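S.K.: This is the structure, below, for whatever I ask next.
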Amino acid sequence: DYWLFFGMTLLAIFLIIVAGIVLGLINTGITNLIARILGFAVTNAGDAAKISAVIIPQIISLVIGIFLNVFVITLSGALFCGIYSALSRKSNTGVCDFGDLFSGFQKIMPCVIVAIIMSLIQFIYQLIMVFFGAAVGISAVGAGIITKDVQLNPAVFGGLFLALISFVLISIVANLIISVLTSF
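Quick note on the numbering used here: the sequence shown kicks off at 1 and runs consecutively.
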């Protein structure tokens, strides 16, 4: 029954990707709307208000992302639980059908609990990365990346570029570690 399980897995992955894309677009739309509203509100404000207008939509996006992430992780957990149930049913009785893919929704509460825990861990990680990125951006402005004659300061730009590369590499490694630890 290779093709049956292949089809179940393909449908599960398709549903998870579609749900992630749709919910991501909703989150992006809400974040962009908030950013525009805050942008209009701080046009004549000081630097602190402008910096807040950049950071606040990102934090709101992370908070909205928690709830969306819980939904996607719950959906993926239930679908893959259905696949594992079908595999177990096949090995025990020798019979399974395509509808077993959705049998994982009978065990939805454990999927929700795991999804909440995973989402909170990822939220804390992303919040730390947003504040670190904001600190690098604020230090770029404070360090005088642009000189008085509107030229890029190569020394400051090089340092910030190295900090940005380090930030991206640390972020990738940390994200891989957190993903591996929370996926199972």
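Cβ coordinates follow ideal geometry from the N, Cα and C atoms, glycine included. In this text, all values refer to a predicted model and were calculated from it rather than measured experimentally.
I need the straight-line Cα distance from F123 to V22, nearest angstrom please.
M.R.: Along the sequence shown, one-based indexing puts residue 123 at 123. Along the sequence shown, one-based indexing puts residue 22 at 22. Cα to Cα, the separation comes out at about 20 Å.
S.K.: Spatial neighbours of S188 within its chain, please: C-beta separation below 6 Å, excluding the five flanking residues on both sides.
M.R.: There is no way to answer for residue 188, as the model of the chain reaches only from 1 to 184.
S.K.: Tell me whether C96 sits in a helix, a strand or coil according to DSSP, three-state version.
M.R.: Counting from 1 along the sequence shown, the entry for residue 96 is found at position 96. Three-state DSSP puts C96 in coil, outside helix and strand.
S.K.: Rounded C-beta distance between I55 and A135? I'm assuming under 8 Å.
M.R.: The residue labelled residue 55 in the question sits at position 55 within the sequence shown. The residue labelled residue 135 in the question sits at position 135 within the sequence shown. The Cβ separation is near 10 Å, so there is no contact.
S.K.: I want to know whether the stretch 74–83 touches the stretch 98–115 - three or more CB-CB distances under 8 Å.
M.R.: Short answer: they touch.
S.K.: Please identify the residue among F131, I73 and A86 whose C-alpha is closest to the C-alpha of F6.
M.R.: Locating residue 6 in the sequence shown gives position 6, counting from the first residue. Nearest option by C-alpha distance: A86.
S.K.: Short of 7 Å in beta carbon distance, which residues of its chain neighbour S171, apart from the five on each side in sequence? Order them along the chain.
M.R.: The residue given as residue 171 occupies position 171 in the sequence shown. Once the five neighbours on either side are set aside, the close Cβ partners of S171 are M129.
S.K.: Using a Cβ-Cβ cut-off of 7 Å (strictly less than) and excluding sequence neighbours within five positions of I178, which residues of its own chain qualify?
M.R.: Stepping through the sequence shown from its first residue, residue 178 is reached at position 178. Hits under 7 Å: I121, Q122 and Y125.
S.K.: If you drop the 5 nearest sequence neighbours on each side, which residues of the same chain put their C-beta closer than 7 Å to that of F167?
M.R.: As a working mapping, residue 167 is identified with position 167 in the sequence shown. So the list reads F132, G133 and V136, once near-sequence residues are dropped.
S.K.: Using the rule of at least 16 other Cβ atoms within 10 Å of the residue's Cβ for burial, across every protein chain shown, is S91 buried or exposed?
M.R.: Translated into positions along the sequence shown, residue 91 becomes position 91. With fewer than 16 other Cβ atoms within 10 Å, it is exposed.
S.K.: CB-CB under 8 Å to R89, same chain, minus the five flanking residues each way: which ones, in chain order?
M.R.: Locating residue 89 in the sequence shown gives position 89, counting from the first residue. These residues qualify, in order along the chain: V95, C96 and D100.
S.K.: For I73, is the classification buried or exposed, using 16 other Cβ atoms within 10 angstroms of its Cβ as the cut-off for buried?
M.R.: Your numbering for residue 73 matches position 73 in the sequence shown. When all chains shown are included, I73 counts as buried.
S.K.: When burial is assigned at 16 or more other CB atoms within 10 Å of the CB, is A12 buried or exposed?
M.R.: One-based indexing of the sequence shown puts residue 12 at position 12. Buried is the call here.
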